[in-house]
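Single-structure report; data block below.
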Amino acid sequence: MPRELRNIAQGKTHHCFSRCLRMMDLMKSSHVRRYFIEAIKMAQEKYTFELVAAEPVGNHIHLILRTLEDEETVSRIMQYIKSRIAEKYNRATGNKGPFWNERFGSSVIEESDNPEQYLLWLLWYIGYNPVRKGLARDPRQTTISFINVYLDEKYEAPVKITRHVFFTRLGETFEQCVKAFLLYEEAYLKRLAIYF
Numbered sequence: 007m008p009r010e011l012r013n014i015a016q017g018k019t020h021h022c023f024s025r026c027l028r029m030m031d032l033m034k035s036s037h038v039r040r041y042f043i044e045a046i047k048m049a050q051e052k053y054t055f056e057l058v059a060a061e062p063v064g065n066h067i068h069l070i071l072r073t074l075e076d077e078e079t080v081s082r083i084m085q086y087i088k089s090r091i092a093e094k095y096n097r098a099t100g101n102k103g104p105f106w107n108e109r110f111g112s113s114v115i116e117e118s119d120n121p122e123q124y125l126l127w128l129l130w131y132i133g134y135n136p137v138r139k140g141l142a143r144d145p146r147q148t149t150i151s152f153i154n155v156y157l158d159e160k161y162e163a164p165v166k167i168t169r170h171v172f173f174t175r176l177g178e179t180f181e182q183c184v185k186a187f188l189l190y191e192e193a194y195l196k197r198l199a200i201y202f
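Residue 91 in our numbering sits at position 85 of the sequence shown, and the numbers go up by one each step.
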């Protein structure tokens, strides 16, 4: 049975994720997290797209990116990033063969029932992913700490993060946007507490 075609809708926001081979915790290594950052920077130099969030988490990665009309597709961008990480890892370790478990998964944010709420919730979900896995104490102190771009107007992440328009619509000033965005964190933490 042929696999389903990926939705590569241009000019849309894509939540992408990919797992390491055999669910190994390859992303726990500081070297591999550095390869992740380097691969994203290389992709940002090669292609035109907006990176909304990115985080390596133990055995997988999350990226939220928005493609632009008449530019590269989400498939091309993700293929490039994943290939660069695998190449760097194999070169450093002397390994050969795959680094990733399967092709990456993705969903189009704008095609959800409530795109704005979904994205703002998803940012906290991804931000807290390393915390839930015991890799960090706070999403503000992770490998990329992309969440700080949404909390501190002057914060510079190790890769270029573009604040999504759904965030900038939360208020007339940056401070108002942050205040409204923090309500999503509060709601996320309340929901998380139910499960733990």
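Yeah, the Cβ is synthetic: ideal placement off N, Cα and C, and Gly gets one too. Every value quoted in this text rests on a predicted model; they were computed, and no experiment measured them.
- prompt: What are the complete alpha helix (DSSP H) segments, minimum 4 residues, inside the region 48 to 102?
  reply: Every alpha helix (DSSP H) stretch that sits fully inside the region 48 to 102 and reaches 4 residues is listed by chain position as 80 to 99.
The beta strand (DSSP E) enclosing T19, as first and last residue numbers: 19 to 25
Cα-Cα separation between R40 and E61, rounded to whole angstroms: 11 Å
Limits of the unbroken alpha helix (DSSP H) element including V137: Where V137 is concerned, the enclosing alpha helix (DSSP H) stretches over 121 to 138.
message: Please report the straight-line C-alpha distance between S113 and G100, rounded to a whole angstrom.
response: 34 Å
query: In terms of residue numbering, what span does the alpha helix (DSSP H) encompassing V171 cover?
result: 171 to 174
- request: Tell me G111's beta-bridge partners as DSSP assigns them.
  value: F23
- prompt: Do you know offhand how far D119's Cα is from Y95's?
  reply: 39 Å
field: Euclidean distance between Cα positions of Y124 and E75
entry: 22 Å
- request: Given a cut-off of 7 Å, decide if T168 and E56 are closer than it, judged by their beta-carbon atoms.
  value: yes
- request: Kindly list the residues whose CB is nearer than 7 Å to the CB of N135, restricted to its own chain and excluding five residues on each side of it in sequence; keep chain order.
  value: E61, V63, H68
- prompt: Apart from the five residues just before and just after A49, which ones in its own chain have a Cβ nearer than 7 Å to its Cβ?
  reply: Around A49: I83, Y86, I87.
query: If we count the other Cβ atoms within 10 Å of its Cβ and call it buried at 16 or more, is R90 buried or exposed?
result: buried
task: Rounded to whole angstroms, what's the CA-CA distance from W130 to P104? Just pull it up for me.
output: 30 Å
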